[in-house]
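Heads up, the thing below is written out as structure tokens.
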């Protein structure tokens with residue numbers, strides 16, 4: 286598991302492990318969505334949908350990368366800063382909002398079936414599980430001898446709790462909604478995600 290603040294060096298460039306994790310999660314989303322679309326009557330639109338998903342991810346990464354320059358244009362006075370800077374406060378939400386907005390507008394314009402929403406939600410949920418697996422989240426001090434160890438002290442592995450809870454809820458959601466109508470999986474997964482986040486609040490550093 287990666288420390289969100291760590292970077293790796295590739296030549297002159299430094300890549301954030303957080304950004305690399307986003308790319309891995311995007312690949313998971315793409316792969317699962319591709320598989321799920323094969324199981325539906327959306328096969329004819331599969332290629333167009335996956336192309337749109339790819340474009341949406343590219344928009345997310347570009348906005349995330351350029352986020353520091355949007356609020357501090359002076360950084361562009363030295364073009365080398367493009368190598369070193371990425372993300373920052375609000376970058377994930379900003380990039381996510383812009384890319385999601387693009388996806389929704391494109392979806393409406395293409396008039397794709399509402400059935401797509403369940404495939405998207407399941408793929409997104411799997412990506413959230415992968416994100417929890419990839420990036421450490423150190424929580425409150427744990428008085429039991431397990432968790433993330435920092436300077437000899439154990440802390441709750443919040444991301445591990447999150448990954449396990451999301452995985453269990455995903456399994457049961459898929460079992461309960463296997464023969465039910467469109468949209469029920471999405472509703473249950475959204476409720477589950479909010480519930481898991483709420484359950485973990487006491488373990489997180491405020």
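Residue numbers (the working numbering): 286 to 491.
Beta carbons: idealized from backbone N, C-alpha and C, even for Gly.
Closest to residue 486 by C-alpha separation, out of 424, 474 and 450, would be which residue?
Residue mapping note: residue 486 aligns to position 201 of the chain shown, counting from 1. Minimum Cα distance to residue 486 is reached at 424.
Return the CA-CA distance between residue 490 and residue 344, expressed in angstroms with no decimal places.
As a working mapping, residue 490 is identified with position 205 in the chain shown. As a working mapping, residue 344 is identified with position 59 in the chain shown. Taking the straight line from one Cα to the other gives about 31 Å.
Assuming residue 358 is part of the beta strand (DSSP E), what are its boundary residues?
In the chain shown, the residue the question calls residue 358 occupies position 73. Neither: residue 358 is in no beta strand (DSSP E) and is coded neither H nor E.
Return the chain-ordered ranges of every alpha helix (DSSP H) run that is complete within the segment 363–447 and spans a minimum of 4 residues.
366–369, 376–395 and 401–419
Excluding five sequence neighbours on each side, which residues of the same chain lie with their C-beta closer than 8 Å to the C-beta of residue 438?
Translated into the one-based positions of the chain shown, residue 438 becomes position 153. So the qualifying residues of the chain are 426.
Return the CA-CA distance between residue 374 and residue 408, expressed in angstroms with no decimal places.
Here residue 374 is taken as the residue at index 89 of the chain shown, counted from 1. Here residue 408 is taken as the residue at index 123 of the chain shown, counted from 1. Approximately 26 Å, taken between the alpha carbons.
Please list the terminal residues of the continuous alpha helix (DSSP H) segment that includes residue 304.
One-based indexing of the chain shown puts residue 304 at position 19. From DSSP, the alpha helix (DSSP H) with residue 304 extends over 302–323.
Run through DSSP, which three-state label would residue 294 get?
Sequence index remark: in the chain shown, residue 294 carries index 9 (1-based). Looking at residue 294 - three-state DSSP - the assignment turns out to be strand.
How would you write the range of the alpha helix (DSSP H) that residue 481 sits in, first residue to last?
Start at 1 with the first residue of the chain shown, and residue 481 comes out as number 196. 469–485 is the span of the alpha helix (DSSP H), which, as asked, contains residue 481.
Going by Cα to Cα distance, which pick from 324, 382 and 389 is closest to residue 352?
Here residue 352 refers to the residue found at position 67 when the chain shown is read from its first residue. For the residues 324, 382 and 389, the minimum Cα distance to residue 352 belongs to 382.
Using the Cβ count rule (16 or more neighbours within 10 Å means buried), how would you classify residue 342?
Sequence index remark: in the chain shown, residue 342 carries index 57 (1-based). Result: buried.
Does the Cβ of residue 282 have 16 or more other Cβ atoms within 10 Å, making it buried, or fewer, making it exposed?
Look at the range of the chain in this structure, 286 to 491, and you will see that residue 282 is not part of it.
Return the chain-ordered list of same chain residues with a C-beta closer than 6 Å to the C-beta of residue 441, the five sequence neighbours on each side being excluded.
Looking up residue 441 in the chain shown gives position 156. If we look at residue 441 and ignore the five residues flanking it on each side, its Cβ neighbours are 424, 425, 427, 432 and 488.
Within a Cβ cutoff of 7 Å, which residues of the same chain sit near residue 446, ignoring the five residues on either side of it in sequence?
Your numbering for residue 446 matches position 161 in the chain shown. Answer for residue 446: 485 and 488, listed in chain order.
With residue 304 and residue 421 assumed to form a contact (beta carbons below 8 Å), what rounded beta-carbon distance in angstroms separates them?
Sequence index remark: in the chain shown, residue 304 carries index 19 (1-based). Sequence index remark: in the chain shown, residue 421 carries index 136 (1-based). Incorrect: roughly 16 Å between the Cβ atoms, too far for contact.
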